[in-house]
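S.K.:
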Amino acid sequence: MKKFVIALSLAAVSVVSCEPPMPPSDEEMIRHFNTHEAAFNKVYEIIADCTEGSFHYPPFSSDDIIIPDSIGQESELPDESSEEQDTPVYGLLKPERILLDSLLAEIGCGLVLVDRQERETADSVKLNLVMPYYSHGIVDAGTSKSFVYDPGLRSRRNIRITEHGDMNEIYRRTYNDTTLYKPVKEGWYIKLDHSR
Numbered sequence: 001m002k003k004f005v006i007a008l009s010l011a012a013v014s015v016v017s018c019e020p021p022m023p024p025s026d027e028e029m030i031r032h033f034n035t036h037e038a039a040f041n042k043v044y045e046i047i048a049d050c051t052e053g054s055f056h057y058p059p060f061s062s063d064d065i066i067i068p069d070s071i072g073q074e075s076e077l078p079d080e081s082s083e084e085q086d087t088p089v090y091g092l093l094k095p096e097r098i099l100l101d102s103l104l105a106e107i108g109c110g111l112v113l114v115d116r117q118e119r120e121t122a123d124s125v126k127l128n129l130v131m132p133y134y135s136h137g138i139v140d141a142g143t144s145k146s147f148v149y150d151p152g153l154r155s156r157r158n159i160r161i162t163e164h165g166d167m168n169e170i171y172r173r174t175y176n177d178t179t180l181y182k183p184v185k186e187g188w189y190i191k192l193d194h195s196r
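Residue numbers (the UniProt record's numbering): 1 to 196.
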């Protein structure tokens, strides 16, 4: 009888472990944002003040970084071991990269995707950030939740923003490919992407 109970327990554990992990609830993510709000705002500030172009940080490899030299030709990223020379990466100097690494670790996001678009007016730039916080599955089939900074999100077409209910429950009810946003604070959202 004891062996039967142990076997049944192991079977139950194996069945439970086959279930995909539960994404954090919207409430958990909003609480996390509020706890680390200063760090999220500092990430935005560093990206807005010190970077150039659209990119992902940290780079996946040094091969992904192309740095134009003074005459506009492309050169490779120099060896980081050189303490005397610090070549900016996407406009970020070494102290800014160290601070950004520390902030991303604090907020639990491994990277930040930066989308910068120059506007028609000379000094106007549209800057959006996506910081993946949770991901399960593969590119074509999975679920992810991210923190997003996009002050113009509400004015874009075909964007689904929900103020009520947990996004996890919404996509589970519809069981379709789903992209939803939920506001957190001015310009900040949590985003759920689910694809089957």
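Note that CB positions come from ideal geometry on N, CA and C, so glycine has one too.
Compute the Euclidean distance between the alpha carbons of Gly108 and Pro132, then round it to the nearest angstrom.
M.R.: Residue numbering aside, residue 108 sits at position 108 when the sequence shown is read from its first letter. Residue numbering aside, residue 132 sits at position 132 when the sequence shown is read from its first letter. Gly108 and Pro132: Cα-Cα distance of roughly 9 Å.
S.K.: Going by other Cβ atoms of all chains shown within 10 Å of its Cβ, with 16 needed for buried, is Lys126 buried or exposed?
M.R.: Position 126 of the sequence shown, counted from the first residue, corresponds to residue 126. The residue in question, Lys126, is exposed, as its Cβ has fewer than 16 Cβ neighbours within 10 Å.
S.K.: Going along the chain, which unbroken runs of the beta strand (DSSP E) with 3 or more residues stay wholly within the region 144-191?
M.R.: Counting whole runs of 3 or more residues, the region 144-191 contains the beta strand (DSSP E) stretches 178-185.
S.K.: Could you tell me the alpha carbon to alpha carbon distance between residue 254 and Arg156, rounded to whole angstroms?
M.R.: Look at the range of the chain in this structure, 1 to 196, and you will see that residue 254 is not part of it.
S.K.: In angstroms with no decimal places, state the Cα-to-Cα distance between Phe147 and Asp101.
M.R.: As a working mapping, residue 147 is identified with position 147 in the sequence shown. As a working mapping, residue 101 is identified with position 101 in the sequence shown. Going from the Cα of Phe147 to the Cα of Asp101 covers about 16 Å.
S.K.: CB-CB under 6 Å to Asp64, same chain, minus the five flanking residues each way: which ones, in chain order?
M.R.: In the sequence shown, the residue the question calls residue 64 occupies position 64. Low local confidence applies: a pLDDT of 45 at Asp64 is under 50, so the model's placement there is unreliable, and no value is given.
S.K.: So Leu104 packs on Val184, CB below 8 Å; how close in whole Å?
M.R.: Position 104 of the sequence shown, counted from the start, is the residue given in the question as residue 104. Position 184 of the sequence shown, counted from the start, is the residue given in the question as residue 184. Not a contact, Cβ separation roughly 18 Å.
S.K.: Identify the continuous alpha helix (DSSP H) that holds Glu27 and give its terminal residues.
M.R.: Within the sequence shown, residue 27 is the residue found at index 27, counting from 1. Element bounds for Glu27: Asp26 to Thr35.
S.K.: Taking only three categories from DSSP, how would you classify Ser54?
M.R.: Taking the first residue of the sequence shown as 1, we reach residue 54 at position 54. Residue state, collapsed to three classes: coil.
S.K.: According to DSSP, what are the bridge partners of Glu118?
M.R.: The residue labelled residue 118 in the question sits at position 118 within the sequence shown. Glu118 is bridged to Val125.
S.K.: Please report the residue range of the alpha helix (DSSP H) in which Pro95 lies.
M.R.: Residue numbering aside, residue 95 sits at position 95 when the sequence shown is read from its first letter. Unbroken alpha helix (DSSP H) run through Pro95: Lys94 to Ile107.
S.K.: DSSP state of Asp193, grouped into three classes?
M.R.: In the sequence shown, the residue the question calls residue 193 occupies position 193. It is a strand residue.
S.K.: Roughly how far, in whole angstroms, is the beta-carbon of Leu192 from the beta-carbon of Met167, given that I think they are within contact range, below 8 Å?
M.R.: As a working note, residue 192 is residue 192 in the sequence shown. As a working note, residue 167 is residue 167 in the sequence shown. About 4 Å separates the two Cβ atoms, so the contact holds.
S.K.: Report the option in Tyr134, Phe60 and Asp49 whose CA atom is closest to the CA atom of Ile24.
M.R.: Residue 24 sits at position 24 when you count from the first residue of the sequence shown. As written in the sequence, residue 24 is Pro, which differs from the Ile given in the question. It is Tyr134 whose Cα lies nearest to the Cα of Pro24.
S.K.: Measure the CB-CB distance between Arg154 and Ile161 and report whether it falls below 9 Å.
M.R.: Numbered from its first residue, the sequence shown carries residue 154 at position 154. Numbered from its first residue, the sequence shown carries residue 161 at position 161. In contact: Arg154 and Ile161 (Cβ atoms closer than 9 Å).
S.K.: Look up Tyr90 in the DSSP assignment and say whether it is helix, strand or coil.
M.R.: For the purposes of this step, residue 90 is taken as the residue at position 90 of the sequence shown. Residue state, collapsed to three classes: coil.
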